[in-house]
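Letter 133 of the sequence shown, counting from 1, is numbered 133 in full-length UniProt numbering, and no numbers are missing.
In this text, a Cβ means the ideal position worked out from N, Cα and C, and glycines have one as well.
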Amino acid sequence: MSLAVTLSRAQEGVAAPQVMVEVHLSGGLPGTNIVGLPEAAVREARDRVRVAIQNTAFEYPNRKVTVNLAPAELPKDGGRFDLAIALGILAAGGQVPREKLDDCEFLGELALSGALRGVSGVLPALLRARARGRRVVVPRANAAEAALVADAEVLVADTLADVCGWLRGAHDLAPPGEASAIYDGTIGPDLADVRGQLQARRALEIAAAGGHHLLLLGPPGTGKTMLAERLPGILPPLTESEALETCAILSVAGQTVDPKLWRRRPFRAPHHTSSAVALVGGGAVPRPGEISLAHNGVLFLDELPEFGRHVLDVLREPMESGHIVISRAARQSTFPAQFQLVAAMNPCPCGYAGDPRQRCQCTPDQVQRYRGRVSGPLMDRLDLCIEVPRVPLGELGTPRGPNDEDSGTVRSRVIKARQHGLMRAGRANAEISTRELERDCALGPAERHWFEGALERLGYSARAYHRTLRVARTIADLDGGAALLDRSHLAEALMYRRF
Numbered sequence: 001m002s003l004a005v006t007l008s009r010a011q012e013g014v015a016a017p018q019v020m021v022e023v024h025l026s027g028g029l030p031g032t033n034i035v036g037l038p039e040a041a042v043r044e045a046r047d048r049v050r051v052a053i054q055n056t057a058f059e060y061p062n063r064k065v066t067v068n069l070a071p072a073e074l075p076k077d078g079g080r081f082d083l084a085i086a087l088g089i090l091a092a093g094g095q096v097p098r099e100k101l102d103d104c105e106f107l108g109e110l111a112l113s114g115a116l117r118g119v120s121g122v123l124p125a126l127l128r129a130r131a132r133g134r135r136v137v138v139p140r141a142n143a144a145e146a147a148l149v150a151d152a153e154v155l156v157a158d159t160l161a162d163v164c165g166w167l168r169g170a171h172d173l174a175p176p177g178e179a180s181a182i183y184d185g186t187i188g189p190d191l192a193d194v195r196g197q198l199q200a201r202r203a204l205e206i207a208a209a210g211g212h213h214l215l216l217l218g219p220p221g222t223g224k225t226m227l228a229e230r231l232p233g234i235l236p237p238l239t240e241s242e243a244l245e246t247c248a249i250l251s252v253a254g255q256t257v258d259p260k261l262w263r264r265r266p267f268r269a270p271h272h273t274s275s276a277v278a279l280v281g282g283g284a285v286p287r288p289g290e291i292s293l294a295h296n297g298v299l300f301l302d303e304l305p306e307f308g309r310h311v312l313d314v315l316r317e318p319m320e321s322g323h324i325v326i327s328r329a330a331r332q333s334t335f336p337a338q339f340q341l342v343a344a345m346n347p348c349p350c351g352y353a354g355d356p357r358q359r360c361q362c363t364p365d366q367v368q369r370y371r372g373r374v375s376g377p378l379m380d381r382l383d384l385c386i387e388v389p390r391v392p393l394g395e396l397g398t399p400r401g402p403n404d405e406d407s408g409t410v411r412s413r414v415i416k417a418r419q420h421g422l423m424r425a426g427r428a429n430a431e432i433s434t435r436e437l438e439r440d441c442a443l444g445p446a447e448r449h450w451f452e453g454a455l456e457r458l459g460y461s462a463r464a465y466h467r468t469l470r471v472a473r474t475i476a477d478l479d480g481g482a483a484l485l486d487r488s489h490l491a492e493a494l495m496y497r498r499f
């Protein structure tokens, strides 16, 4: 029989649809033809595969070789199908047995020598293969990434010859090993390095406990960036499912997953010259942007008004929906984007408006134009805004005091507060729906009358009403998880919306 079928997986966003590689050998002029909507890199596989088979001491069929990648309507790109195509050709020619091909999937690019090279997007493919109960053969370059998927049957190979020897029963292929221990939050900048800034530390803790978006406003050199960089250290470690989802995005983007930090929440800080495509993703073959790479973690935008206004406005929909859909003529890809936005900005172009020690040189029109670079709808989506004033120089050189808590101490309170939200709704307070908000943010008659009156006087929107309630719910959780919100929780939440 001159027909053989092997299995592989394509890359489509963070999905990994199955691809059936059908190989048929027939009479006619010798040659290789690959069909099934292949991109250029896949069409070039016929030359890589032929030379790799010959350099592995196998015989390349002197017949007409037809390779079909099904389903035909799914675009295929990259060198990830090389190994599956080579094994299909060898199996169709009877040079390797077909018995082990049925329940196994193959990923890997072939070098001309027959060595296997790593490919991107292995993690999503392994997750889908695990759900189907299939084992997967991957290059050794992807072994560390493959080890993250527990209970998946993964085998690692160095060359095409190794895989063929395994199919023939000559030897076994080794598993990828075990993943590193769970990240405990001890790696990274510590909050104990920050002196003073009690209000900013409090706002940072509330943001961490509820997953709220945060704006840090203050003169240059007051510690805004320093505070933002310490937010991941007080966030709860990623659960296994969250970590795999986050690492899958990194894998699709072709970035290396650090096995030691795979449960640490990501922290992305793009430069203010970044384009809208760099933030949300895109390209002819859609790839994830910064908001997706920050999924389940923190997206830090320093010097917020220096970003282009249209660049910042592309964040508005993902901040509400938690995902981004990138549409192109030939394909559409959906990437998760459940990120926590932390932004920092100066109060004016020179940076010293309101600073008692430095005179501001800006006119009112300049200040208004500077702040107008950030649109009102985006500002309305920020849950907390805190001023970060200048710290007296005398406090910087003093030993650590009782208020200068380290990240571990704050993180323990954050985890306890998060547990209240998880027990109520199964998610962080910033993500609860309007219906859940009515259930979980109950107000007494007096508190409701006072709160609605305060919002009316301040002219806040309906979105601000809901977001302020979510922040108040988080403050109550940090205060022990009270069922009813009292006026102190509401007043503190309102204090953080002074934009």
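Please list, in chain order, all residues of the same chain as residue i whose beta carbon is under 6 Å from its beta carbon, the five residues on each side excluded.
| i | result |
| --- | --- |
| Phe300 | Ala228, Ala269, Val342 |
| Asp383 | His212, His213, Arg467, Val471 |
| Ile326 | Gly281, Gly282, Pro286, Ser333 |
| Pro176 | Ala143, Ala146, Ala147, Val154, Val156 |
| Glu447 | Arg487 |
| Arg128 | Ala16 |
| Leu250 | Val257 |
| Ser26 | Lys64 |
Tell me whether residue i is buried or exposed, calling it buried when 16 or more other Cβ atoms sit within 10 Å of its Cβ.
| i | result |
| --- | --- |
| Lys76 | buried |
| Tyr465 | exposed |
| Thr56 | buried |
| Leu215 | buried |
| Lys224 | buried |
| Leu204 | buried |
| Ser113 | exposed |
| Glu12 | buried |
| Val137 | buried |
| Arg132 | exposed |
| Ala150 | exposed |
What is the DSSP secondary structure of residue i, counted as helix, strand or coil?
| i | result |
| --- | --- |
| His171 | coil |
| Leu299 | strand |
| Arg135 | strand |
| Cys360 | coil |
| Gln340 | strand |
| Val5 | strand |
| Gln11 | coil |
| Val285 | coil |
| His213 | coil |
| Asn33 | strand |
| Ser407 | helix |
| Ser321 | helix |
| Ile187 | coil |
| Leu235 | coil |
| Glu387 | strand |
| Val471 | helix |
| Leu25 | strand |
| Val367 | helix |
| Arg65 | Looking at the sequence provided, one finds Val at residue 65 rather than Arg. Strand at Val65. |
| Cys104 | strand |
| Thr56 | coil |
| Ile432 | coil |
Report the partner residues of residue i according to the DSSP bridge assignment.
| i | result |
| --- | --- |
| Gln332 | Ser327 |
| Glu109 | Arg117 |
| Lys76 | Pro38 |
| Leu443 | Leu485 |
| Arg268 | Leu299 |
| Val154 | Val136 |
| Gln18 | Arg9 |
| Met226 | Answer by DSSP bridge pairing: none, since Met226 is not bridged. |
| Ala70 | Met20 |
| Met345 | Leu217 |
| Thr159 | Ala115 |
Please return the same chain residues whose Cβ sits closer than 7 Å to the Cβ of residue i, not counting the five positions on each side in sequence.
| i | result |
| --- | --- |
| Gly118 | Pro139, Ala141, Asn142 |
| Glu178 | Ala147 |
| Gly169 | none |
| Pro189 | Glu229, Arg230, Gly233 |
| Glu387 | Leu217, Gly218 |
| Ile432 | Ala425, Asp440, Arg470 |
| Ala476 | Ala482, Leu485, His489 |
| Ala353 | Pro347, Cys360, Cys362, Val367 |
Taking 7 Å as the line, does the beta carbon of residue i fall inside it for any heavy atom of the ligand COA?
| i | result |
| --- | --- |
| Met495 | The ligand COA is not part of this structure, which contains no ligands at all. |
Spatial neighbours of residue i within its chain, please: CB distance less than 8 Å, with the 5 preceding and 5 following residues excluded, ordered by chain position.
| i | result |
| --- | --- |
| Glu303 | His272, Ala344, Met345, Asn346 |
| Pro377 | Asp313, Arg316 |
| Tyr60 | Arg50, Ile53, Gln54, Ile89 |
Am I right that residue i and residue j are in contact with their C-beta atoms under 8 Å? What's the rounded C-beta distance?
| i | j | result |
| --- | --- | --- |
| Leu126 | Phe106 | Rounded, the Cβ-Cβ distance is 12 Å, inconsistent with contact. |
For residue i, decide whether its Cβ has a neighbour in chain C, counting only Cβ atoms nearer than 8 Å.
| i | result |
| --- | --- |
| Glu447 | Chain labels in this structure do not include chain C; a single protein chain is all it has. |
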